[in-house]
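Report on one structure; see the data block that follows.
So, in structure tokens, the structure goes:
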């Protein structure tokens, strides 16, 4: 029962009854501490349609035992697999899905964060749903919304998880699959390289993700009962006093408090201390003053300087590192980047402090380099130290901090709501920080005082003897001589040359006259908003559609004054329709270069605007250029005018053109090295849309493009246009019209008649269509295949069809994930969902896996075949609950101005103008019956249906783990195996030097995978190298032979895998020769011919005549 204000349970402590919050925040807050020391932040939002909770546990990967690295991450996975009260492994997610919800979790260095979100109501938010609501759920009859049931299931994670044996292996394989997903990601590879090359005495050095070998094979080989180890880790580290809970719901604070007390008071408290690492440096003299050269997977060039830095979490009121990151990372006149950009050495720079764990932090300066910058990386480092020397020579300036204070205060004051799960997940993590409880919302945002001593203290850490740098390039130096253990990243690490160190020390002591005059402090920011007034009016109901306030041959202007969020912000979006856009891959890349050159020339000017909460963006649609300006409306017109003038008058210089073109070429090349699941959407667009180009087509067109081509084409693109614009936010009608006049007067386009507009159209797949497109992936070290299994249904403007797609996708989502990912373990990436973009409706299932695509396709077919029975046996009450979940998701309230602008603009650019779409969807959903859905499933989704239309994209890996291992030289293989065996022997009580062990392994053929021969070589080393007695050697060898199969599997040694059908690649990268299923499937080999053979969808049909939206009078 809920606790009343006057009746608190024994031991309950109220830490804060209110929080400092943004001006427009209508939520109520309370922070409590239960008797077991678990802290909870309660959030009452009377208008929310989504409820959420998150638990942050103050233990992460840094607590992993060295012999089972990745344990914290594995425990995170295992908690989802059933509890004593709710033993079904999908009980939790099934409940959430029923109410339109979802869940997730992540493991960081020092915390593990679990969160969920679902509908706040068990009944439909649609007024017309009363008939269905009456039978929707027993929850509403009990007076408790869905949040209580979700909290009850969630609480069991921290009370009595099961760690069942039959789920243990599958989830460890899921961890392994997650790790393999990241193996070719440079972000993950370089992050782990940085960690691996830190001090071995600091747990940051360890491998955070874990894999099957580390968490299963190795410990089993040592005779460890792994289930017991996971339970021990949980029991040792999961204590109530380390937990921070955040709950958001529409229920009162008293009711939420009562639920939390009832459900979480039983969490066991061990009074564990907060984990800190003050006395263990992440880098010692051995790691400092070093240079690391790393070879990336993608063709990228970067330079990162890392300084050891103090943990400033206790200094939340002054945040000294923000002063330094603001200046070092500045992009305006006088900045490091402006100087390097002018030299043609760097195209971007970022700087800032990052707390690794309590007691340990780094201050990093990261740059993206040009070809010339790579050659001059030492000069770039000197420039950075010159800027630091300039900062040391000047005292901290209060006016700079005052600017930061003003901008932070404005941003916090007008902060808008975020989605519920993002809110609770973030705030539960914030609760782990040393903030006063009433400052949980503002403590990470506001700067309350000027702290020159803190700034000088931070600056004192930016020294030549307290840093190291990493240079990333596929070209330089070329003689990488080591491989990182977990990802195989090639690298070279050595001390910074004495000559360079002496130069940096001299620069640090230099006077102003010895330094570059181009480097200086920034000017005062002229974009800081001054007028922040909002004319708020009482309204009955926000308008659903904008007004059309100008509609002539040249310009259409849509306008909607903000009547929902009341913030001093606005968004202005422009579509510049031109007959020259996207005619061919050539025109596409020419205009892409033009866009990039405009952005390149605006870096200096736009940076201050960005700092002041005002930004712009340039983009390209299928038939138009797009310009967006958004943020505080006070000085928006200044930025818009500058962007337009630059677009019109840009002077294209050869040196900047060469840099931008080379960057774009690398971007297209790198697109083919992205994780397969990230590539597949591009192929899907290419195959299903009329005017869409694949990255390899764009890449082929790019090398021949010259500066003169851009200079010739962009004026043609701007010469004839139709301008469509929306102005939405804290603007008056006259403001919107003035800005449209500004656009027209600046660009001066000739009319582009509507009859000549290019219409974006999709290909139409007839009933019974069954196509497959196969493509070999470019990355030779990628072991993951990917399938995009797409079913095509018809016109997305068909309202009953939309309803069926939305509801069926919702019902399918959890069983699809549970079957294909959790139970069948096909891969870490398994997703499904509706496709309603463009003007065609469909449903897709995507899987990335080491298993081949033909096999994945059979498993998807099997799942869909079996699902017909699941749908048929679904009770009417369950069907209604799913329907209500979808209805409530469709009716979910807009959270902020940007979200509403995006929705309005989508309806405008689609040319359908269906501003009431969600309400029409709800009407169609309410009319659906279970029989409607069953009939639709049988005809459109069941694999045996003769009328089903399907395309499947098969992205085929170039190798397998075993084949990849064969490409490693025997010497490298010996070294990698020596690393693993050295770790294993050390854990067995035989401390081993891998460099001494390697020569013994090089005497044998490791590739055979003969455990006896390997342990014979290891035994020889133990006797001769370590002087161990024969009895000890025999004992260790016996244990080693049991563990070796796991080591071999991890390295791809031995054990010939079942050969897959060989795929023969033709000139354009498509594949054939894979054995076809006995079906009518057509393999697409010529995409151009394929697209030409299919009919095209009709042009979009507006749901209303534009005259119904017009408000062409001049009055407000």
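Numbering (this note's numbering), first residue to last: 4 to 1119. Glycine included, every Cβ here is placed at the ideal spot set by N, Cα and C.
Cβ neighbours of residue 528 in the same chain (closer than 7 Å, five flanking residues each side left out): Counting only Cβ-Cβ distances below 7 Å, and skipping sequence neighbours, we find 406, 611, 614, 615.
Should the stretch 1081-1095 be regarded as contacting the stretch 530-540, the criterion being three or more beta carbon pairs within less than 8 Å? Because the criterion of three Cβ pairs below 8 Å is not met, the stretch 1081-1095 and the stretch 530-540 do not touch.
Evaluate residue 357 with the Cβ neighbour count: other Cβ atoms within 10 Å of its Cβ, from every protein chain shown; 16 or more gives buried, anything less gives exposed. exposed
Simplified DSSP state of residue 786, which is helix, strand or coil: DSSP places residue 786 in coil when its eight states are reduced to three.
Nearest to residue 255 by CA position, among 106, 47, 273, is which residue? 47
Which of helix, strand or coil DSSP assigns to residue 258: Note: residue 258 maps to helix in three-state DSSP.
Do you know how far the Cα of residue 655 is from the Cα of residue 66? 54 Å
Look up residue 290 in the DSSP assignment and say whether it is helix, strand or coil. coil
Given that a residue counts as buried once 16 or more other Cβ atoms are within 10 Å of its Cβ, and exposed if not, what is residue 558? When all chains shown are included, residue 558 counts as buried.
Just how far apart, CA to CA, sit residue 219 and residue 295? Residue 219 and residue 295: Cα-Cα distance of roughly 32 Å.
Residue span of the beta strand (DSSP E) that contains residue 572, given as start and end: 572-580
Restricting to Cα atoms, I'd like to know which of 419, 1097, 372, 441 is closest to residue 669. 372
Just list the alpha helix (DSSP H) runs in the stretch 928-954, keeping only unbroken ones of 4 residues or longer that don't cross its boundaries, in chain order. 933-943
Are the stretch 400-419 and the stretch 513-529 in contact at 8 Å, needing three or more beta carbon pairs? yes
Alpha carbon of residue 639 to alpha carbon of residue 570, nearest angstrom: Taking the straight line from one Cα to the other gives about 14 Å.
Going by Cα to Cα distance, which pick from 89, 522, 162 is closest to residue 336? That would be 522, whose Cα lies nearest to the Cα of residue 336.
Given a threshold of 16 other Cβ atoms within 10 Å of its Cβ, counted over all protein chains shown, does residue 546 qualify as buried or as exposed? exposed
Rounded straight-line distance, which links the Cα of residue 208 to that of residue 285: 8 Å
Closer than 8 Å is the cut-off here; do at least three beta carbon pairs connect the stretch 807-814 with the stretch 884-892? yes
Considering residue 887, what are the terminal residues of the alpha helix (DSSP H) in which it resides? 879-893
In terms of residues, what are the limits of the beta strand (DSSP E) holding residue 109? 105-110
Ranges of the beta strand (DSSP E) found wholly within the stretch 212-287, counting only runs of at least 3: 246-252
So, are the CB atoms of residue 818 and residue 873 less than 9 Å apart? yes
Find out if the Cβ-Cβ distance for the pair residue 826, residue 173 is shorter than 9 Å. yes
Over what stretch of residues does the beta strand (DSSP E) that includes residue 16 continue unbroken? 16-19
May I ask you to report which of helix, strand or coil DSSP gives residue 957? strand
Can you tell me whether residue 542 is buried or exposed? The criterion is at least 16 other CB atoms within 10 Å of its CB, across all chains shown. With fewer than 16 other beta carbons inside 10 angstroms of its own, residue 542 counts as exposed.
Under the assumption that residue 81 contacts residue 162 (Cβ atoms under 8 Å), give the Cβ distance between them as a whole number of angstroms. Not a contact, Cβ separation roughly 15 Å.
Chain-order list of residues whose beta-carbon lies under 6 Å from that of residue 878 (same chain, five-residue window excluded): Taken in chain order, the list of residues that qualify is empty.
So residue 510 is in the alpha helix (DSSP H); what residue range does that whole segment cover? 501-511
Locate the beta strand (DSSP E) running through residue 550, then write down its first and last residues. 550-554
For the alpha helix (DSSP H) containing residue 191, list its first residue and its last residue. 189-199
Measuring straight from C-alpha to C-alpha, what distance separates residue 519 and residue 201? 34 Å
What three-state label does DSSP hand residue 402 in the structure shown? Residue 402 falls in the helix class under three-state DSSP.
Considering only residues of the stretch 617-668, which uninterrupted beta strand (DSSP E) runs meet the minimum length of 3 residues and lie entirely inside it, listed in chain order? 617-623, 627-635
Closest residue to residue 427 among 113, 805, 106, 487 (Cα-Cα distance): 106
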